[in-house]
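A.B. asks: In this text, residue positions in the sequence shown follow my numbering: the first is 2, and each later residue adds one.
The structure under discussion is supplied below as C-alpha cells; questions concerning it will follow.
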Amino acid sequence: MSNSYNIEPPPTAFATLHTTAGPISFSLFAQQAPLACRNFLQHILDGYYDNTSFHRVVPGFVIQGGDPTGTGEGGASIYEDAEFENDPVTGEKIEFHDELHTRLRFNRRGLLGMAKMTDAQGKGSYGSQFFITLADCRAELDGKCTMFGRVEGEGIYNVVKIADAELVEGTERPVWPAKVTRAEVEEFPKGDIWQGMKKRERIASKTTEDKPAIKTKSKKKAGKVLLSFGDEEEEEGPVVMKKAKFNTSLIDDKVAALKEPVKANGHSKQEKSTKKSTRQRHSASPSPPPVSRSPEHHRKPSLHDSTTQLPLKDPESPSKSPSPDPSPKKSLLSETNAQIAALKASMRRDVTQVAEPKKKKSALEQMIPETSVRGRKRRHDGAPADSAQDSDALRMLNAFKARLEGVDSVMTGAKEATNGAKADTKAANGSVVPSVDADDEEAQLCDLHFIANCQSCSSWDQDLELREAEDNGEDKTWMSHALSFEKDRLGKDLNWKRKNEEELVVIDPREKERELKSKNREKRDGGGTFRGKVDLGEWQSAYEKSKALVSNMTLSQKISMITGGDVNGSWTALEYKDGTMGIETAYDVSAFSQASALAYSFDKDLMYEQGSAIGREFYLRGYQVVNGPTSGPLGRTPWSGRLGETLGQDSYLNGIAFSLLTKAFVDQGVIPGGKHFLLNEQETNRTLTPPYSSNVNDKALHETYAAPFYDAVKNGMGGVMCAMNSVNDSYSCESSDLLLQLLKTEIGFPGQVFADVDGQRTALESLNNGLDYGSSSLWSSSTIEAAIANGSFTEERLDDMAIRNAMPYYFVGLDTSNQPSLADETDYRDVRANHSKIIRKAGSASMVLLKNDGGLPLDKPKYIGLFGAHAGPVMGGPNQKLDVQGSGPTYQGHLATGSGSGLSSFPYLVTPLQAITARAIEDGSMISWILNDTYTATDYTGVGSSVGVDTAALAALQTGTSTTPSIENYANIATVSLVFLNALAGEGADRTELYNEEQDELVNTVASYCNNTIVIINTIDVRLIDHWINHENVTAVLYGSLLGEESGHSIADILYGDVNPSGRLPFTLAKNQSDYNVGICLTLDCDFTEGNYIDYKSFQSRNITPRYPFGHGLSYTTFTYASNASLQITKSRSLTSGPTTTTDTRPQPGGPPSLYTNLLNITFPLTNSGSVSGADIPQLYLSFPPEADQPAKQLRGFEKVELDVGDTKDVTFQLRRKDLSYWNLDQRKWCVAEGRYRVFVGASLDDVRLEGELEV
C-alpha cells in the first residue's frame, strides 16, 4: 500500500505529563513540527499546563486538554508573547501555522496533535490546547491539524483511563476530568535554539480575557454551597484556584493526627483539616466504571465545539462533612506501637508478664462454685486417687523412672564425648575402631552436608544396628541416647556454608532459562552475526562494510537505524516506494503494465528488460527500495483480489519471473523488497486482529509457496516484506519458523525483513523472531534498552538487525554511486527515456490469442464497430484515486492499471479507440462506437428535435450515417465488430465475480448481428468466457492483463498483425466457477488442505477438462516439433538420487548451492512451418517418481523462440537440481527421488508434442 510503508520519523524530544490517571510520556517530532513542539515544551517549562484538566473526551476519537480555563475556549501560544513572536534566525514574525508531514499521520490511537480553534470568519489558529487520538483519525484530522508527537510505553493505558471517564449527559465534558498535576521535559532536541530554552516567571492565565475583580460575598451556610452553571452573577469573575490547607509532601495525614492534642470531642483541629483534605484529593481523581454510550457519543466532531461543552463541577468544592464520631479513638500509630511492644515482651523469657486486669464477673458467673470446672470433669487439686486406673498409671511412671536411672553409663559416655575425649568404638563384630574427630580435616565428608563424621548420615547405619539389637533382645532404645551440643554434625547449622562459599555452586534457574533461550535463539538464528551458518558468497563484502559501519554506532544510533532514522551523517534512512508497475502517485514517470502481464509473456528477456526500466526510474527519482516484485498471493484461488500484481499461479514460472525482476532491480542500483512473505493468499480478514491464519503442511510450504523466494534470494534480493496474515497461527512478521528458520537459515537470506502495513504487532516478539526494520513507536529506545537490560533481548541481535539493514545498500552499490536526491511526487525529473517502447512491446507480447477462426489479423476492414466501455477513455482520467478498499468488478473506461499497490501513474493513456482510429485513418476505414456496456437507443439524444415531424417519414430518412446509434444498428452494418471487456479487483477486497452478465450480454447481442465479432479482454486475472465462446459469430478472442500507458497501441499491434501473438495463459481458464477447487476462506483458520494441488495441478488430479489449459496460446503462424526420436536427454554425471546436502556444507543466499547445479539438458529442433514470422514458446513438463509424491505434470522449463518463415532452431532446456527435487518431510531436506522421470514437451500443458523419460 503506497506511502503507508513510510513509518514515522525518529523523535528528537521527550516530555511527560503527570496526571491524576498516571503519567503519560510523549516522544516529539521537533524536526518535522518545530513550532508546535517548541510551544509545547516552553509551556511545560513555564508550568502552564500544571493543574489543567482534560476538559473534553470524545469516545473513539480524542481526549483534549491544555486549556488553563478548563472551558475549551482558552489557552494562548507562546508566539503571542513578544519574547517569541519573531523567528530567532530570520527575525521574521512567526505565524503558528499547520505543520503537515507525509510521514506523520493520525493512523492510530496515542498520537499527539495541536487543537485548532476557529474564529467567526472560519480562520483556524493554534494556542496551547492539544489532543491525543483514541483511534485511526486519518479521515478527520490528516491535512487539518498538526501532529507533533506520540504516546510512549504504558502511558497509553492512562490515556484509555481518561477516555473512559463518565460524561455530562449530552456533552463531551467529563463529570470528573483528569488533571495534569505537573509536567516535565525529559530531553530537548539538539540545537542551540532548543538547548537555550528555560523556564520563565509567568503564571498561566485562567481566563480568556481580563475582568474586574469581584468583591467576595458573605460566606454561605455549611452544606449549602451549590455549583453554578453560569446564571449567577458572581460566576462572571475569574476562577479562583484554592490554596492547599497544608503541604502534602511534608505532612502525612496519620502522623499529623498523632501530633495534635486530642480535644474533648475526640478530634484535633489538624485531624479535621486532614480529613477534609483527604476527601478533596479523593474526589479530584475518581475512577468511575465505564458506562455504555449511545450511538451519538461515537460521532467525531471538530476539535473545538463549545456548544457541546458545559462548565465542569469543581472537584474541590467543599461538601457536607460527616458528623464526628462521639467515641474517642486511639490513633493507628498508637495502636500499632502498643502491639509491637506486647509482641516483643512476649518473646523475652525473663520478662515478668503484666497481669491482665481481672474482669468483673457477671451476676450469673458469681453463682458458679469455685470448684467447678469447664469442659470434661476432673478432680481438683489435693483429691486422693480413688481408682484402679490411677494406681496403674502411677506404677508405670515409677517403673519408667527406674529405667532412666539405669542408663548412667550411656550418659557418662555422652558427657565424655561432649568434652572431646577420643574413645574407641566397638564395632558390631566386636573389633575396636578408633573414633574420628569431627575436626579432622582428613576425615571423610558426608555426601549430603559435607561434614566429617556426620551423625545424620550415619544414623541410617545406627538405626539398622538398633533394629538388629532389638531382635536379639538387647536393650538399646532411644533412652540410651544423649543430647550433644559439642559441634553441629546434623547439617542444620549452615554457618559452615558461609565459610566455604567459594566451594559452592549456586544454580540460578533464571540464569539457566536465559542460557537455554540463548542457545535456542542461536540454533534458530540464520544470521545473527551469521555464525558460520550461511556462506555469504557475493554478499561477503557488503557484510564487512556493514559490520564496520555498525561497530561505530551507539545503542541509540542502532535503534534509530532500524526504525527509519538518520545517524549523524554516517547513515541516511532508506526511501521505500511501490511498485512493480512503476512509481506510484508521481508526476512524469512511466505507467508500466501490471506484473502479471510479464507472466503472460513467458519471455525471460522481456521480464529483465522491463524490470531494468522500472528500476532505473526508481533510482533516478531518489528511491533506494522498491516494494516489489510480488510473488504472493501465488493464486491459490482465482477469487483473490491482488493477482494482477503477481507473477502467475505456477511456482516455477512465478519463481523465474520473480528472480529476473530481482536481478534487474539490483543491476540498476536499487534494492528489491520482495513480497508478501508468506501465504498472503486473500484480502478477506487480512486486516483483522488477529488476521486469518494460513495453515499449511511443510511440503506445500516449501514446494509451492516458498519456492519462488529461493530463486529471488539467489539473484540478490535484499529486502523481504513479511505479510499481514498469520501462518500456522503465528503472525508472519513474528514467526521464528518463517523468518529465522525458513527464510534466514534454509534459504540463506542475508538482507532486511520489513513489515507490511500493520504486520508488526508487538515489540519483543518481532525483535526476537526475525523482523529487522520496524515501527519506532513499538521499537522505542526505552523499550529496546529495557529489554536488553532485563535479558529479554540482546545487543548482538540488535547488531544483526542493523547490519542486515545496511547490507543491501552496499550490495547494490549505493555507497559508490552518485544517486540523485529524492524527488517530490510533483517534481519534474526526466526519467522516462524510451520506456514507452518497452511498455508497448511488453503489452503486445503478453496478449494471448485464445481463439482464431479467421477473424484476425485485420486487413483494412471497411466498417469497424467498437463496443464496450473498455474501448474508450473514462469520463475523467486517466489517473485514478488511490484506493485500498477493493475495486471493480468492472471499470467504466479503458482499464490499463490496477488499484492499491498495483496503481500506475499515467503520463498519458492510449486507448483502443484512439489507436484503432489512427489505423482506420490510414486504411480508409469507417468507424463507429458505443462506449458503454448496457447502451440502448433510448439513451441517444440527437441534434435538434422531432416535435411536429411525421415520425414515419423521419424513420424512412434514417439510413446511412443517420441511423440511430445502438448496439444492434452499429453491429449490423459493421464488417468487423470489436467488443472490449474488462475485470478489475485490487488491494483491500477480494473478487465478487469471475464473469459479468452485462458484458456477456453485450457480446451475445453484437455477435447476433455481426458475423465477424472479435472479443478483447483485459483482466486482473481469471475472467470466464463460456457464456459466449461457442457462439458461431465469435471468430477470435484476445485475452491479457492490464497493459499500461501504451495499452491501445499494444492491442492494435496484435489486431492488425504488426506483432504475431505469442502470449500464454499463466493459469487455467475453466468452463465454470465451480471447477476451481478453492474459494475465499471466510474464517480465521484457513486450512490449505489441497497442499500443492492448486490451479492446473488440481484440474489434473480431479480429471476436470478446462476451457483453455495452462500455457495455452495461439499464433498467426504454425510451428512444427520434430519426432520423439529427435528429443535428446543428456544427464550430468552428478545426477544421483538423495538429499542436496550430501555435497553442501553451508547454505548460500538462495539455499544449498547444489540446488542450482545443472543436471539435465533436453534438446529438440523447432521449425516455423507457417507463412509469417513469429515466436513460439515451447514448454517442458516433468512427471516425478512416486517417492516424490508430486502432481501428474509440472512446468519445469520454457523458452521463447523467434523464427522466420521456414527457419529451424534447436531449443534446449537446462534443468537444475532444484527443478528435479522435492521436499522430503522425514529428512527435512531437498531430495532427488530415485526412479523414472517422464518428460513432456509441447505448446501447452495439454498440447504435448514430444515425450521422453530418464532413470535416476
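Glycine residues also receive a C-beta, built at the ideal position from the N, C-alpha and C atoms.
Bear in mind the structure is a predicted one, so any value in this text is a computation, not a measurement.
1) When the Cα of S1172 is compared with those of S1116, P1150, L1160, R1218, which residue comes out closest?
2) Suppose only complete runs of 3+ residues qualify. What are the beta strand (DSSP E) ranges in the region 865-900, listed by chain order?
3) How do the region 532-547 and the region 790-810 stand: do at least 3 beta-carbon pairs fall below 8 Å, yes or no?
4) Take H1028 and list the residues in its own chain whose beta-carbon comes closer than 6 Å to its own, dropping the five residues that flank it on each side.
5) Just how far apart, CA to CA, sit R39 and Q611?
6) Buried or exposed for H98, please, with buried defined as at least 16 other CB atoms from any protein chain shown within 10 angstroms of its CB.
7) How many whole angstroms separate the CB atoms of P673 and G629, which I take to be in contact at a CB cut-off of 8 Å?
8) With DSSP run on the structure shown, which of helix, strand or coil describes S1079?
9) Would DSSP call M1028 helix, strand or coil?
10) Among V754, S781, T935, L779, which residue has its Cα nearest to the Cα of D773?
11) My guess is that E100 and Q33 are in contact by the Cβ rule of under 8 Å, so how many angstroms apart are they, rounded?
12) So which of S694, Y864, S1048, G894 has the shortest CA-CA distance to T962?
13) Would you give the residue range spanned by the beta strand (DSSP E) that N1019 belongs to?
14) Where do the N-terminal and C-terminal ends of the alpha helix (DSSP H) with R617 fall, by residue?
15) Alpha carbon to alpha carbon, how far is P634 from L18?
16) Spell out the partners DSSP gives A1037 in its beta bridges.
17) Can the beta-carbon of P1148 be found less than 9 Å from the beta-carbon of D536?
18) Go to A1053, then tell me how far its alpha helix (DSSP H) extends in each direction, as first and last residue.
19) Would you call I922 buried or exposed, if buried means 16 or more other Cβ atoms sit within 10 Å of its Cβ?
20) May I have the straight-line CA-CA distance separating V1129 from L1160, to the nearest angstrom?
21) Just how far apart, CA to CA, sit G125 and G75?
22) Would you mind sorting R687 into buried or exposed? The rule is 16 or more other CB atoms within 10 Å of its CB.
23) Could you check if E1235 is buried or exposed, using at least 16 other CB atoms within 10 Å of its CB as the buried criterion?
24) For D193, is the classification buried or exposed, using 16 other Cβ atoms within 10 angstroms of its Cβ as the cut-off for buried?
25) In three-state DSSP terms, what is K180?
26) DSSP three-state call for R1250: helix, strand or coil?
27) Below 8 Å, how does it come out for the region 1175-1193 and the region 1031-1040: are there three or more Cβ pairs, yes or no?
28) With burial defined as no fewer than 16 other Cβ atoms inside 10 Å of the residue's Cβ, what is the status of V90: buried or exposed?
29) Go ahead and label K402 buried or exposed: buried means 16 or more other beta carbons lie within 10 angstroms of its beta carbon, across all protein chains shown.
30) Taking 8 Å as the limit between beta carbons, can you name the residues of its chain near Q310, skipping five residues before and five after?
31) Taking 8 Å as the threshold, find out whether the region 831-843 comes into contact with the region 1042-1053 through three or more Cβ pairs.
32) Residues bridged to W572 by DSSP?
33) What do you get for G566, buried or exposed, if any count of 16 or more other CB atoms within 10 angstroms of its CB means buried?
34) Can you give me the C-alpha to C-alpha distance between L883 and E585, rounded to a whole angstrom?
35) If you draw a straight line from the C-alpha of A77 to the C-alpha of L36, how long is it?
36) Which of helix, strand or coil does DSSP assign to V292?
C.D. replies: Checking against the coordinates, here is how it stands:
1) The residue you call residue 1172 lines up with position 1171 of the sequence shown. Considering only alpha carbons, the answer is S1116.
2) none
3) Short answer: they touch.
4) Here the question's residue 1028 lines up with position 1027 in the sequence shown. Only D1001 meet the Cβ criterion.
5) Counted from its first residue, the sequence shown places residue 39 at position 38. Counted from its first residue, the sequence shown places residue 611 at position 610. Straight across, the Cα-Cα distance linking R39 with Q611 is about 49 Å.
6) The sequence position of residue 98 within the sequence shown is 97, counting from 1. Looking at its Cβ environment, which holds fewer than 16 other Cβ atoms inside 10 Å, H98 is exposed.
7) Taking the sequence shown and counting its residues from 1, the one referred to as residue 673 is at position 672. Taking the sequence shown and counting its residues from 1, the one referred to as residue 629 is at position 628. Sure, about 7 Å apart at Cβ, within 8 Å.
8) Numbered from its first residue, the sequence shown carries residue 1079 at position 1078. Note that residue 1079 is Val in the sequence shown, not Ser. Correct three-state label for V1079: coil.
9) By one-based count along the sequence shown, residue 1028 stands at place 1027. Contrary to the premise, residue 1028 reads as His rather than Met in this sequence. Looking at H1028 - three-state DSSP - the assignment turns out to be coil, as it is neither helix nor strand.
10) Residue mapping note: residue 773 aligns to position 772 of the sequence shown, counting from 1. Of the listed residues, the one whose Cα sits closest to D773 is V754.
11) Sequence index remark: in the sequence shown, residue 100 carries index 99 (1-based). Sequence index remark: in the sequence shown, residue 33 carries index 32 (1-based). Right, the Cβ-Cβ distance comes to about 7 Å (below 8 Å), so this counts as a contact.
12) For the purposes of this step, residue 962 is taken as the residue at position 961 of the sequence shown. Of all alpha-carbon atoms in S694, Y864, S1048, G894, the one lying nearest the alpha-carbon of T962 is that of Y864.
13) To locate residue 1019, count along the sequence shown from 1; it is residue 1018. Per DSSP, N1019 belongs to the beta strand (DSSP E) from 1014-1020.
14) Within the sequence shown, the letter at position 616 stands for residue 617. First-last of the alpha helix (DSSP H) with R617: 605-621.
15) Within the sequence shown, residue 634 is the residue found at index 633, counting from 1. Within the sequence shown, residue 18 is the residue found at index 17, counting from 1. Near 46 Å, if we compare the C-alpha coordinates of L18 and P634.
16) Here the question's residue 1037 lines up with position 1036 in the sequence shown. DSSP output for A1037 lists N853, I1015 as bridge partner(s).
17) For the purposes of this step, residue 1148 is taken as residue 1147 along the sequence shown, with counting starting at 1. For the purposes of this step, residue 536 is taken as residue 535 along the sequence shown, with counting starting at 1. In this structure, D536 lies closer than 9 Å to P1148 by Cβ.
18) In the sequence shown, counting from the first residue as 1, residue 1053 sits at position 1052. Note, A1053: alpha helix (DSSP H), 1048-1056.
19) Looking up residue 922 in the sequence shown gives position 921. Classification for I922: exposed.
20) By 1-based counting over the sequence shown, the position of residue 1129 is 1128. By 1-based counting over the sequence shown, the position of residue 1160 is 1159. Here residue 1129 turns out to be Gln, not Val, going by the sequence shown. C-alpha separation (whole angstroms): 14 Å.
21) In the sequence shown, counting from the first residue as 1, residue 125 sits at position 124. In the sequence shown, counting from the first residue as 1, residue 75 sits at position 74. Distance between the alpha carbons of G125 and G75: 14 Å.
22) The count along the sequence shown starts at 1 and reaches residue 687 at position 686. Classification of R687: buried, given that the 10 Å Cβ count is 16 or more.
23) Position 1234 of the sequence shown, counted from the start, is the residue given in the question as residue 1235. The residue in question, E1235, is exposed, as its Cβ has fewer than 16 Cβ neighbours within 10 Å.
24) Taking the first residue of the sequence shown as position 1, residue 193 is located at position 192. The residue is exposed, with fewer than 16 neighbouring Cβ atoms inside 10 Å.
25) The residue labelled residue 180 in the question sits at position 179 within the sequence shown. The answer is strand: DSSP assigns K180 an E or B state.
26) Within the sequence shown, residue 1250 is the residue found at index 1249, counting from 1. DSSP places R1250 in strand when its eight states are reduced to three.
27) no
28) In the sequence shown, residue 90 corresponds to position 89, counting from 1. V90 is exposed by the Cβ-count criterion.
29) Counted from its first residue, the sequence shown places residue 402 at position 401. The residue in question, K402, is exposed, as its Cβ has fewer than 16 Cβ neighbours within 10 Å.
30) Within the sequence shown, the letter at position 309 stands for residue 310. Bear in mind that the predicted position of Q310 carries a pLDDT of just 39, short of 50, making it too unreliable to give a figure here.
31) yes
32) Position 571 of the sequence shown, counted from the start, is the residue given in the question as residue 572. Paired residues: V568.
33) The residue given as residue 566 occupies position 565 in the sequence shown. Buried, by the Cβ-count rule.
34) Translated into the one-based positions of the sequence shown, residue 883 becomes position 882. Translated into the one-based positions of the sequence shown, residue 585 becomes position 584. Answer to the nearest angstrom: the Cα atoms are 9 Å apart.
35) Locating residue 77 in the sequence shown gives position 76, counting from the first residue. Locating residue 36 in the sequence shown gives position 35, counting from the first residue. Spanning the two alpha carbons is a distance of roughly 14 Å.
36) Stepping through the sequence shown from its first residue, residue 292 is reached at position 291. Low per-residue confidence applies at V292: pLDDT is 34, beneath 50, and the placement is therefore not dependable, though the value from the model is reported in the following sentence. Assigned with DSSP and collapsed to three states, V292 falls in coil, not helix or strand.
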